[in-house]
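Student:
In full-length UniProt numbering, the protein residues as written are 1 to 399.
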């Protein structure tokens with residue numbers, strides 16, 4: 001007859017086996033490194049639980065206690081390593097095997113390893129430590145909020161493991177044989193529930209990461225890594241909607257001078273390199289809160305939230321001069337590889353399309369005045385009218 005514990009073990013084995021196979025399929029399909037780690041972790045749990053079952057047919061404590069606990073602790077550690085990889089961290093392989101190694105040392109050398117309660121304490125403490133580290137990875141990672149949910153599951157497992165260690169240590173009084181039996185069942189019930197929750201949340205986070213990657217791919221210019229025009233519009237409009245009550249924003253357009261001649265004389269590969277170098281220069285001079293996009297072939301735009309006219313002009317001048325110095329290192333003959341810039345700073349709500357018209361005229365003025373310069377448009381008294389309407393205000397340039 002199958003006991004309660006054996007039934008729970010079979011359910012846990014089935015859950016971990018399904019999760020491990022599914023994670024392996026996920027890894028084979030999308031080559032997500034974290035899925036590979038998690039597949040190994042779940043499979044280690046399966047092997048550990050199979051080895052644990054030996055105690056019900058044979059008296060082989062070295063397998064059912066020594067090896068089984070080592071494998072199960074190893075599975076927790078490998079899953080923790082997978083969380084680290086998921087969050088973009090580097091994994092220290094020796095550290096991954098440290099919990100299993102610590103258990104083997106205890107089991108092999110400590111006289112107290114023959115005591116059931118002591119073994120439960122050691123396993124529970126190690127499990128709590130791994131769970132705490134796993135939770136920290138989840139909360140420290142800048143990812144979807146589902147990863148935070150997984151972090152809270154790890155926190156609960158940490159609390160349960162710590163409570164189990166205190167309980168086995170007699171903190172709440174001496175333990176009876178029946179209490180130990182119930183506690184033993186609860187260990188595996190908790191493990192079963194946790195394996196179900198953790199596997200579900202892992203798949204959810206993998207799906208969210210994949211969807212975020214696809215969205216990022218759709219919104220990013222593949223050559224420069226900057227946002228594309230559509231993404232710029234989506235991100236810029238909410239920022240411009242907040243430009244009131246003392247808040248400002250500066251819209252900057254940049255156009256590489258003589259870019260067609262550079263392409264014709266040096267080839268498209270060099271032209272691509274110029275675009276990439278320019279994008280890299282821009283990123284050095286703006287912060288993560290700023291929006292940077294490639295809006296055309298050699299045309300770029302930057303939105304600087306909460307930046308006044310003086311500060312935005314300073315940033316634009318730094319970009320212009322840095323690009324000029326960068327391109328001085330290339331022999332382009334008589335071709336001047338520079339950038340012209342148009343800027344407008346607003347303190348009231350305006351439509352993005354209307355502001356783009358004004359700042360593009362400032363950019364055109366910079367081209368007309370000799371290129372390699374910054375020209376500024378003045379914010380109109382009223383919201384500019386989009387293209388196609390006749391009463392759009394005329395551009396005013398600052399002097």
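Quick reminder that beta carbons are idealized off the backbone N, C-alpha and C, glycines included.
#1: Under 8 Å by Cβ, that's how I've got residue 376 and residue 309 pegged, so tell me the actual separation to the nearest angstrom.
#2: State the Cα-Cα distance for the pair residue 259 and residue 268, rounded to the nearest angstrom.
#3: Taking residue 33 as part of the alpha helix (DSSP H), name the residues at either end of that continuous run.
#4: Just checking my contact of residue 144 with residue 240 at CB under 8 Å: how many whole Å lie between their CB atoms?
#5: Got a sec, what are the start and stop residues for the alpha helix (DSSP H) residue 124 sits in?
#6: For residue 91, name the three-state secondary structure that DSSP assigns.
#7: How many Å lie between residue 346 and residue 218 at the Cα?
#8: Taking DSSP as the reference, what is the three-state secondary structure of residue 299?
#9: My output table needs one value for residue 404: the three-state DSSP class, helix, strand or coil.
#10: Could you tell me which residues DSSP puts in a beta bridge with residue 401?
#11: On the DSSP letters alone, give me the boundaries of the beta strand (DSSP E) that residue 378 sits inside.
#12: Just curious, the alpha helix (DSSP H) that residue 77 is in, first and last residue?
#13: For residue 272, is the classification buried or exposed, using 16 other Cβ atoms within 10 angstroms of its Cβ as the cut-off for buried?
#14: So, for residue 151: in the same chain, excluding its five sequence neighbours on each side, which residues have a beta-carbon less than 6 Å away from its beta-carbon?
#15: Taking Cβ positions, are residue 252 and residue 312 nearer each other than 8 Å?
#16: Do the region 223-234 and the region 283-294 make contact, defined as three or more Cβ pairs closer than 8 Å?
#17: What is the DSSP secondary structure of residue 292, reduced to helix, strand or coil?
#18: Tell me the rounded alpha-carbon separation between residue 324 and residue 304.
#19: Looking at the unbroken alpha helix (DSSP H) that takes in residue 338, where does it start and where does it end?
#20: Give the secondary structure of residue 411 by DSSP, where H, G and I count as helix, E and B as strand, and everything else as coil.
#21: Taking the straight line between their C-alpha atoms, what separation do you get for residue 127 and residue 352?
#22: Our contact map puts residue 84 next to residue 78 with C-beta atoms below 8 Å; I'd like the distance itself, whole angstroms only.
#23: Using only CA atoms, which one of 319, 11 and 270 lies nearest to residue 332?
Tutor: Let's see:
#1: Residue 309 and residue 376 do touch by the CB rule: their CB atoms are close to 7 Å apart, below 8 Å.
#2: In this model, residue 259 and residue 268 are separated by some 10 Å (Cα to Cα).
#3: Counting along the chain, the unbroken alpha helix (DSSP H) around residue 33 starts and ends at 33-52.
#4: Contact doesn't hold; Cβ gap of about 27 Å is too wide.
#5: For residue 124, the uninterrupted alpha helix (DSSP H) run begins and ends at 116-140, by DSSP.
#6: Annotated three-state conformation of residue 91 is coil, per DSSP.
#7: Taken atom to atom, the span from the alpha-carbon of residue 346 to that of residue 218 is near 29 Å.
#8: Three-state result, residue 299: strand.
#9: This structure cannot speak to residue 404, because the chain is shown only from 1 to 399.
#10: No answer is possible for residue 401: it lies beyond the span of the chain, which begins at 1 and ends at 399.
#11: Where residue 378 is concerned, there is no enclosing beta strand (DSSP E), given that its DSSP letter is neither H nor E.
#12: Taken as a continuous stretch (DSSP letters only), the alpha helix (DSSP H) holding residue 77 covers 68-86.
#13: Exposed, because fewer than 16 other Cβ atoms sit within 10 Å of the Cβ of residue 272.
#14: In the same chain as residue 151, and ignoring 5 residues on each side of it, the C-beta atoms closer than 6 Å to its own belong to 135, 138 and 139, in chain order.
#15: In this structure, residue 312 lies closer than 8 Å to residue 252 by Cβ.
#16: Verdict: yes, contact present.
#17: In this structure, residue 292 counts as strand in the three-state DSSP scheme.
#18: Taking C-alpha positions only, residue 324 is separated from residue 304 by approximately 22 Å.
#19: Run containing residue 338: none; DSSP gives neither H nor E here.
#20: Outside the shown range of the chain, which is 1 to 399, sits residue 411, and nothing can be said about it.
#21: Straight-line Cα distance between these residues: approximately 54 Å.
#22: Incorrect: roughly 11 Å between the Cβ atoms, too far for contact.
#23: Looking at 319, 11 and 270, the one whose alpha-carbon comes closest to that of residue 332 is 270.
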